[in-house]
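The structure under discussion appears below in the form of structure tokens.
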Amino acid sequence: MGARRDPRQGTRRRAAPRLRDGVPAPEDSACFHNALVLVGRRAGYDLTGSTVAAKVGIGSNQQQGYGLAVALSVSLPLVDQELAGRLVGAAHQVCPYSNATRGNIDVSIVPS
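Numbering (our numbering), first residue to last: 1 to 112.
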């Protein structure tokens, strides 16, 4: 068994904000943005000024229960819409959060 910590002592580090049940909070859109920048850099594109924002919601699912949905809003001001779509699709394939949640969480990605 590990060492016990006195609960009266504060912790030095705050955990990242999370939704219930350990689901990543919208701040984790940074992971998708990093994947997007990586994909863009590998393909030789300048993604300066790009942003990714996330909204997480809860809604009914097909099994008469509830599920999570994530909407990512992506802005790529220096590339055209067709290229942006290709880069976003490639980022969605390499992003660790996308890979972890694929098939479990409804994700939509929209240009802003």
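All C-beta atoms in this analysis are idealised placements derived from N, C-alpha and C, irrespective of residue type, glycine included.
Would you kindly work out how many angstroms separate the C-alpha atoms of residue i and residue j, rounded to a whole number?
i      : j      : result
Ala91  : Asp46  : 15 Å
Gln64  : Val74  : 31 Å
Gly103 : Pro111 : 22 Å
Ile121 : Gly59  : The displayed coordinates of the chain run from 1 to 112. Any statement about residue 121 would go beyond what the structure contains.
Gln81  : Leu72  : 16 Å
Gly67  : Gly89  : 23 Å
For the beta strand (DSSP E) that contains residue i, what are its first and last residues?
i     : result
Ser29 : Ser29 -> not in any beta strand (DSSP E); alpha helix (DSSP H) instead, spanning Ser29 to Ala43.
Can you list, in chain order, the residues of its chain with a C-beta nearer than 7 Å to that of residue i? Leave out the 5 residues immediately preceding and following it.
i     : result
Ala35 : Ala91, Val94 and Cys95
Gly49 : Pro77 and Leu78
Asp21 : With a pLDDT of 49 at Asp21, under the threshold of 50, the modelled position of this residue cannot be trusted; read the value that follows with caution. Cβ within range, chain order: n/a, list empty.
By Cβ distance, which residues of its chain are closer than 8 Å to residue i, with the 5 residues on each side in sequence left out?
i      : result
Thr101 : Val70 and Val107
Leu87  : Leu36, Val39, Gly40, Ala43, Tyr45, Leu47, Leu76 and Val79
May I ask whether a heavy atom of the ligand GTP can be found less than 8 Å away from the beta carbon of residue i?
i      : result
Asp106 : As for the ligand GTP, it is missing from this structure, which has no ligand bound.
Skipping 5 residues on each side, what residues in its chain have a beta carbon closer than 6 Å to that of residue i?
i     : result
Lys55 : Ala71
### Message
To test your reading of the DSSP string, which unbroken beta strand (DSSP E) runs of 3 or more residues are found completely within the stretch 77–112?
### Response
Those beta strand (DSSP E) runs which fall completely within the stretch 77–112 and span 3+ residues are 106–111.
Taking the runs of the beta strand (DSSP E) that are 3 residues or longer, which of them lie wholly in the stretch 55–79? Segments of the beta strand (DSSP E) lying fully in the stretch 55–79: 66–75.
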